[in-house]
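Novice:
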Amino acid sequence: MHALRPLLRKSLFNLFAASLACAALLAPRAASAEALLLIEADSGKVLQADNATIPWYPASVTKIMTAYVTLNAVKDGRLTLDTLLTVSPTAASQSPSKMGFRPGTQLTVDNALKMMMVKSANDMAVVLAEGVGGSIDGFSTIMNDTAKKLGMTQTSYVNPNGLPADGQITSARDLGILARAFLHDLPEYEYFVHIPAIRFGKRVTGNFNKLIGRYPGADGFKTGFICASGYNLVASATRNGRRLIAVVLGASSGTARAVKAAQLLERGFAQDNLTWLRPSLGTVDNLVPVDASPPNLRDEMCGPHRKRPASDDDDALIAANGGATGSASATGGEARVTFFTAGLQPPLMMKASELMASAPAAAEPVLVYTGPTRTGTALIAAVAADADQQAASKPRGKKSRVAKKPDAADKPKDGNKDGNKDGHKDAGKDTKTAAVKPDAKSEAKLGAKSEAKSGAKGDAKTAAKPTGSKHAATKHDAAAKPAEKPAAGGDQAAKPAKPKAATKPAAAKPANNS
4 MHALRPLLRK SLFNLFAASL ACAALLAPRA ASAEALLLIE ADSGKVLQAD
54 NATIPWYPAS VTKIMTAYVT LNAVKDGRLT LDTLLTVSPT AASQSPSKMG
104 FRPGTQLTVD NALKMMMVKS ANDMAVVLAE GVGGSIDGFS TIMNDTAKKL
154 GMTQTSYVNP NGLPADGQIT SARDLGILAR AFLHDLPEYE YFVHIPAIRF
204 GKRVTGNFNK LIGRYPGADG FKTGFICASG YNLVASATRN GRRLIAVVLG
254 ASSGTARAVK AAQLLERGFA QDNLTWLRPS LGTVDNLVPV DASPPNLRDE
304 MCGPHRKRPA SDDDDALIAA NGGATGSASA TGGEARVTFF TAGLQPPLMM
354 KASELMASAP AAAEPVLVYT GPTRTGTALI AAVAADADQQ AASKPRGKKS
404 RVAKKPDAAD KPKDGNKDGN KDGHKDAGKD TKTAAVKPDA KSEAKLGAKS
454 EAKSGAKGDA KTAAKPTGSK HAATKHDAAA KPAEKPAAGG DQAAKPAKPK
504 AATKPAAAKP ANNS
């Protein structure tokens with residue numbers, strides 16, 4: 004018996020060590036795992052939670068809180084949807100995606116909200132923040148106070164749009180709490196989270212949330228993307244009077260996040276008659292937060308392994324790959340998605356590419372415009388005026404467009420790939436580059452700009468250019484080497500003594516990613 008004790012101790016020690024190793028493997032791994040959450044909107048009951056309490060960079064899902072704070076101010080009578088706000092130089096200097104209005108432009112709270120929630124316009128988020136809180140810092144304080152009041156214990160804000168910043172943190176748990184609060188506290192303004200598209204002048208921009216108009220019952224909320232966070236989505240859908248909220252953080256693409264959200268929602272609706280078979284996971288408020296730093300997915304999302312710069316628009320990726328191949332690429336190997344109807348009916352097998360690449364249900368874009376609230380013929384005139392302004396802002400000829408190409412080719416400062424690395428330090432520099440030529444390729448080069456482009460083909464081509472582009476072009480051209488080639492295509496760079504060479508039509512074409 005005594006002889007067996009050392010062997011017994013050794014066996015127990017090995018068993019203990021193996022248990023610790025297994026625990027380490029089974030523990031949430033923030034750096035390599037997504038965060039997923041599915042809850043009931045009314046009760047807050049958790050139906051699924053994977054890494055739901057790991058801190059995460061929110062990116063543009065921040066704008067859900069910006070809209071919540073703004074609409075609460077409207078509800079309290081501190082301003083109205085018709086209140087005129089002015090675009091400040093700070094707002095105009097934000098990185099894309101943005102509307103690109105010049106400082107001094109005025110527009111209503113209503114139109115600014117629509118532009119922010121559909122196009123994910125970073126400049127409009129700042130316009131609203133300054134209109135409600137007086138400044139970005141003042142509004143951020145209100146955001147943080149609101150988050151604390153709602154029980155969002157893992158959330159902190161330093162800006163209203165989600166551009167990269169170390170202090171901009173949330174979690175799937177907190178986003179679920181915020182989405183529930185929005186639906187419960189502001190039912191009269193719920194419209195703002197599921198507008199299918201907006202029309203500004205001649206430009207139509209579709210909602211980045213691909214479930215809107217495609218997934219049956221989809222009725223909100225918001226997308227987000229920066230390199231550090233990956234592709235984020237808060238989505239909601241309603242069937243038979245039952246509303247569910249899905250949160251996906253850190254997906255590998257815009258298509259993948261939409262597919263995963265649809266899968267979560269389908270599982271939730273299918274559980275309607277089977278809830279007694281599953282153990283209770285409690286409510287979203289009772290999920291225990293994890294004390295950790297947010298994972299930084301920058302290398303994974305925006306590293307050199309990608310064939311094209313990461314952005315919030317994956318339509319081009321699907322079109323290029325096509326069919327099941329595109330689906331497998333975009334969704335990490337999932338060629339098909341199983342969709343269950345509520346109850347015990349057999350599942351419907353459907354390709355992810357078919358769900359995401361299909362055209363959304365027909366819907367009239369909502370008109371947005373600058374200036375005060377208008378109706379009737381005055382509204383028609385305002386829309387026409389905005390269209391004329393867009394046309395006037397277009398480059399006069401191919402020569403001027405090619406001449407600005409080297410600006411986009413200049414190597415960005417370290418961190419510009421991530422849409423202003425760690426906050427606002429490089430915000431001005433990024434804006435100068437983007438302001439010179441906000442076409443599809445230059446926006447794609449900004450990599451992690453929150454919500455980089457809209458899905459509409461004409462969006463990037465017709466974006467308005469600020470008046471300061473000439474000065475910015477001169478500054479960048481002086482820094483560039485004379486022998487540098489333009490960013491687009493293989494055409495030779497124009498020599499200073501022969502400006503006519505810059506008029507080659509091949510170099511004038513934008514990147515084929517619209």
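Just so we're aligned, residue 4 is where the sequence shown starts under our numbering, counting upward by one. From the three backbone atoms N, C-alpha and C, an ideal C-beta is built for every residue, glycine too.
1) Closer than 8 angstroms is the cut-off here; do at least three beta carbon pairs connect the segment 197–210 with the segment 367–378?
2) Quick one: what does DSSP say Lys488 is sitting in, helix, strand or coil?
3) Does the segment 297–305 come close enough to the segment 215–230 to have 3 or more Cβ pairs within less than 8 angstroms?
4) May I ask you to report which of helix, strand or coil DSSP gives Ala238?
5) Between the Cα of Tyr234 and those of Ala240, Asn212, Gly136 and Phe185, spot the shortest distance and give me the residue it belongs to.
6) Could you have a look at Phe228 and say whether DSSP puts it in helix, strand or coil?
7) Which of the three DSSP states, helix, strand or coil, is assigned to Ser138?
8) Any idea what DSSP makes of Phe104, helix, strand or coil?
9) So Gly81 is in the alpha helix (DSSP H); what residue range does that whole segment cover?
10) Hey, Ser174 and Ala55 are a contact pair by Cβ (cut 8 angstroms); roughly how many whole angstroms apart?
11) Using alpha carbons as the reference points, say which of Leu214, Asn147 and Asn243 lies closest to Asp177.
12) Please report the straight-line C-alpha distance between Ser123 and Asn114, rounded to a whole angstrom.
13) Could you say if the segment 69–81 and the segment 148–164 meet the contact criterion of at least three C-beta pairs nearer than 8 angstroms?
14) In terms of DSSP beta bridges, what is Gln51 paired with?
15) Is His308 buried or exposed, if buried means 16 or more other CB atoms sit within 10 Å of its CB?
16) Just reading off the alpha helix (DSSP H) that Phe195 is part of, what are its end residues?
17) By a C-beta neighbour count over all protein chains shown, 10 Å radius and 16 as the cutoff for buried, is Asn58 buried or exposed?
18) Are there three or more Cβ pairs, one per stretch, closer than 8 angstroms when the segment 35–51 is compared with the segment 92–106?
19) Which value, in whole angstroms, describes the spacing of the CA atoms of Gln171 and Asp294?
20) Rounding to the nearest angstrom, what Cα-Cα distance links Glu269 and Asn243 in this structure?
21) If I measure Cβ to Cβ from Arg183 and keep anything under 8 angstroms in the same chain, skipping five residues before and after, which residues do I get?
22) Keeping to the same chain, check which residues put their C-beta closer than 7 angstroms to that of Ile198; ignore five residues upstream and five downstream.
23) Please check the pair Lys225 and Val207, which I expect to be a contact at CB under 8 angstroms, by giving their CB distance rounded to whole angstroms.
24) Determine whether the beta carbon atoms of Thr89 and Thr376 lie at a separation below 8 angstroms.
25) By a C-beta neighbour count over all protein chains shown, 10 Å radius and 16 as the cutoff for buried, is Pro190 buried or exposed?
26) Look at Gly165 and Thr65 and say whether their C-beta atoms are less than 8 angstroms apart.
27) By Cβ distance, which residues of its chain are closer than 7 angstroms to Gly220, with the 5 residues on each side in sequence left out?
28) Assign Gly379 to one of two classes, buried (16 or more other C-beta atoms within 10 Å of its C-beta) or exposed (fewer than that).
29) Per DSSP, which residues does Gly209 bridge with? Please list them.
30) Using only CA atoms, which one of Val77, Gly253 and Ile383 lies nearest to Ala38?
31) For the beta strand (DSSP E) that Ala254 lies in, which residues bound it at each end?
32) Consult DSSP for Gln157 and reduce its assignment to one of helix, strand or coil.
33) Cβ of Ile67 within 8 angstroms of Cβ of Phe185?
34) Given Asp389, which residues of its chain have a CB within under 7 angstroms of its CB, disregarding the five upstream and five downstream residues?
35) When we look at the beta-carbon of Asn125 and count the other beta-carbons within 10 Å, is it buried (16 or more) or exposed?
36) Whole angstroms are fine: how far does the CA of Pro106 sit from the CA of Asp391?
Specialist: This is what the structure gives:
1) Touching, per the Cβ criterion.
2) In this predicted model, Lys488 has a pLDDT of only 41, less than 50, meaning its place in the structure is not dependable; the value taken from the coordinates is given anyway. For Lys488, the secondary structure class from DSSP, reduced to helix, strand or coil, is coil.
3) Three or more pairs of CB atoms, one per stretch, sit closer than 8 angstroms, so the segment 297–305 contacts the segment 215–230.
4) Reduced to three states, the DSSP call for Ala238 is strand.
5) Of the listed residues, the one whose Cα sits closest to Tyr234 is Asn212.
6) If DSSP states are grouped into helix, strand and coil, Phe228 belongs with the strands.
7) In the structure shown, Ser138 sits in coil (DSSP, three-state: anything other than H, G, I, E or B).
8) Coil.
9) Here residue 81 is Arg; the residue named in the question, Gly, does not match the sequence. First-last for Arg81: undefined, no H or E at that position.
10) With a Cβ gap of about 7 angstroms, Ser174 and Ala55 count as contacting.
11) If we check each option's Cα against that of Asp177, Asn147 comes out closest.
12) Approximately 13 angstroms between the Cα atoms of the pair.
13) These segments touch.
14) Leu41, per the DSSP bridge assignment.
15) Using a 10 angstroms sphere on the CB of His308, the tally of other CB atoms stays under 16, which defines it as exposed.
16) For Phe195, no alpha helix (DSSP H) segment is defined, and its DSSP state is neither H nor E.
17) Before going on, a small fix: residue 58 reads as Pro here, not Asn. Label assigned to Pro58: buried.
18) Taking a cut-off of 8 angstroms on C-beta distances, the segment 35–51 does not touch the segment 92–106, as fewer than three cross pairs fall below it.
19) The straight-line gap from Cα to Cα measures roughly 16 angstroms.
20) Put simply, the backbone Cα of Glu269 is about 13 angstroms away from that of Asn243.
21) Only Ile42, Ala44, Gly47, Ile248 and Val287 meet the Cβ criterion.
22) Contacts found: Lys117, Met120, Val121, Asn210 and Val369.
23) In this structure Lys225 is not in contact with Val207, their Cβ atoms being roughly 19 angstroms apart against a cut-off of 8 angstroms.
24) No, Cβ-Cβ distance for Thr89 and Thr376 is not below 8 angstroms.
25) Answer is exposed; the Cβ neighbour count stays below 16.
26) Yes; because the gap between Cβ atoms is below 8 angstroms, this pair is in contact.
27) Beyond the five residues adjoining it in sequence on each side, Gly220 comes within less than 7 angstroms, by CB distance, of Ala240, Thr241 and Arg242 in the same chain, given in chain order.
28) Its Cβ having fewer than 16 others within 10 Å, Gly379 is exposed.
29) DSSP lists Ala200 as partners of Gly209.
30) Minimum Cα distance to Ala38 is reached at Gly253.
31) Boundaries of the beta strand (DSSP E) harbouring Ala254: Arg245 to Ala254, taken from the DSSP string.
32) Looking at Gln157 - three-state DSSP - the assignment turns out to be coil, as it is neither helix nor strand.
33) The Cβ atoms of Ile67 and Phe185 sit closer than 8 angstroms to each other.
34) For Asp389, same chain residues with a beta-carbon under 7 angstroms away, outside a window of 5 residues either side, are Phe203, Gly204, Tyr372 and Thr373 in chain order.
35) Counting Cβ neighbours within 10 Å, Asn125 comes out buried, since at least 16 surround it.
36) Going from the Cα of Asp391 to the Cα of Pro106 covers about 18 angstroms.
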